[in-house]
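Under UniProt numbering, think of the first position of the sequence shown as 1, with each following residue one higher.
From the three backbone atoms N, C-alpha and C, an ideal C-beta is built for every residue, glycine too.
Here the structure is a predicted model, which means the values were calculated and not measured.
The structure under discussion appears below in the form of structure tokens.
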Amino acid sequence: MQIRHLGRVDWAETAAAMQAFTAARGPDTEDELWLCEHPPVFTLGLAAKPEHLLAPGDIPVVQSNRGGQVTYHGPGQIVAYPLVDLGRLGIYVREYVFRLEAALIQTLERLGFTGLRVAGAPGIYVRLSDPRAHAAPSGPALDPFAGLGKVAALGVKISRHCSYHGLALNVAMDLEPFLRINPCGYPGLRTVDLATLGGPSDWAAVAALLSERLAAQLQP
Numbered sequence: 001m002q003i004r005h006l007g008r009v010d011w012a013e014t015a016a017a018m019q020a021f022t023a024a025r026g027p028d029t030e031d032e033l034w035l036c037e038h039p040p041v042f043t044l045g046l047a048a049k050p051e052h053l054l055a056p057g058d059i060p061v062v063q064s065n066r067g068g069q070v071t072y073h074g075p076g077q078i079v080a081y082p083l084v085d086l087g088r089l090g091i092y093v094r095e096y097v098f099r100l101e102a103a104l105i106q107t108l109e110r111l112g113f114t115g116l117r118v119a120g121a122p123g124i125y126v127r128l129s130d131p132r133a134h135a136a137p138s139g140p141a142l143d144p145f146a147g148l149g150k151v152a153a154l155g156v157k158i159s160r161h162c163s164y165h166g167l168a169l170n171v172a173m174d175l176e177p178f179l180r181i182n183p184c185g186y187p188g189l190r191t192v193d194l195a196t197l198g199g200p201s202d203w204a205a206v207a208a209l210l211s212e213r214l215a216a217q218l219q220p
């Protein structure tokens, strides 16, 4: 897998480049992993409902062709775009999402945190009371997010069995814009970053760890 560090890049230009790469790739095209940051932007997934965009203010809102609802990208967040031939890996989208989440969980584990899944809500969460605890979440059935904060989001697109878009891990960022939306369509869901949890704020160091885990998960 070719790993490319793009720096801080415009979201729309990067999305167009991913789409062009995927459209042009052939059966022997090497998979790539793009790592970047974006200037502040809200992106709407194909299932996004306008009521989940509460008060965008001066932050641009753009439509995406990924799955999911509304999310926010901004400086201090690692955005990872795996451009992977799932057919060559012999997996389908459910297994692909599971592997992306596994890479995030393994990254958090290396940093001393316990990443959690929530059924039906792609992404990775931590227990706000003790993000290093290993106990499973125990929120009431009517609120599976009780006591949890979201530290990483997923939103993927599959075209001709090849993936683009991807995931975002919050490292050290201004979290206020997340209050302007219902993150991923869940009212009241708290968003956190590693720095707030007492973890590292070094974007490059965390990105190196995440990219290593993603590459390991996405090898044939």
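Same chain, Cβ closer than 6 Å to residue i, five either side skipped, listed in chain order
{"i": "A215", "result": "M1"}
{"i": "Q217", "result": "R99, A102 and A103"}
{"i": "A195", "result": "A172 and S201"}
{"i": "G76", "result": "V171, A172 and M173"}
Residue i (DSSP reduced to helix, strand or coil)
{"i": "residue 292", "result": "With the chain running from 1 to 220 in the structure shown, residue 292 is simply not present."}
{"i": "Y96", "result": "helix"}
{"i": "T14", "result": "helix"}
{"i": "A195", "result": "coil"}
{"i": "A119", "result": "coil"}
{"i": "V206", "result": "helix"}
{"i": "L6", "result": "strand"}
Cutoff 8 Å; reference residue i; Cβ partners in own chain excluding five residues on either side
{"i": "L44", "result": "L53, V61, V62, Q63, S64, Q69 and V70"}
{"i": "L128", "result": "G147, L148, G149, R190 and V192"}
Residue i beta carbon near the ligand COA (any heavy atom closer than 7 Å)
{"i": "E32", "result": "Inclusion of the ligand COA in the displayed structure is not the case, the ligand content being empty and no account of it being possible."}
Residue environment, residue i, which counts as buried when at least 16 other CB atoms sit within 10 Å
{"i": "L148", "result": "buried"}
{"i": "D28", "result": "exposed"}
{"i": "R8", "result": "exposed"}
{"i": "P131", "result": "buried"}
{"i": "H134", "result": "exposed"}
{"i": "T119", "result": "According to the sequence shown, residue 119 is Ala rather than Thr. By the 10 Å Cβ count, A119 comes out exposed."}
{"i": "A16", "result": "exposed"}
{"i": "K150", "result": "buried"}
Spatial neighbours of residue i in its chain, beta-carbon cut-off 7 Å, leaving aside the 5 residues before and after
{"i": "I105", "result": "G115 and I124"}
- What are the complete beta strand (DSSP E) segments, minimum 3 residues, inside the stretch 45-77? 61-63 and 70-73
- For the stretch 122-166, which segments carrying the alpha helix (DSSP H) assignment without a break, of at least 4 residues, lie completely within its bounds, in sequence order? none
- Flag this pair as touching only if the stretch 176-184 and the stretch 87-106 have three or more C-beta atom pairs under 8 Å; answer yes or no. no
- Message: Could you check whether the stretch 157-172 touches the stretch 7-23, counting it as contact only if at least three pairs of C-beta atoms, one from each stretch, sit closer than 8 Å?
- Response: yes
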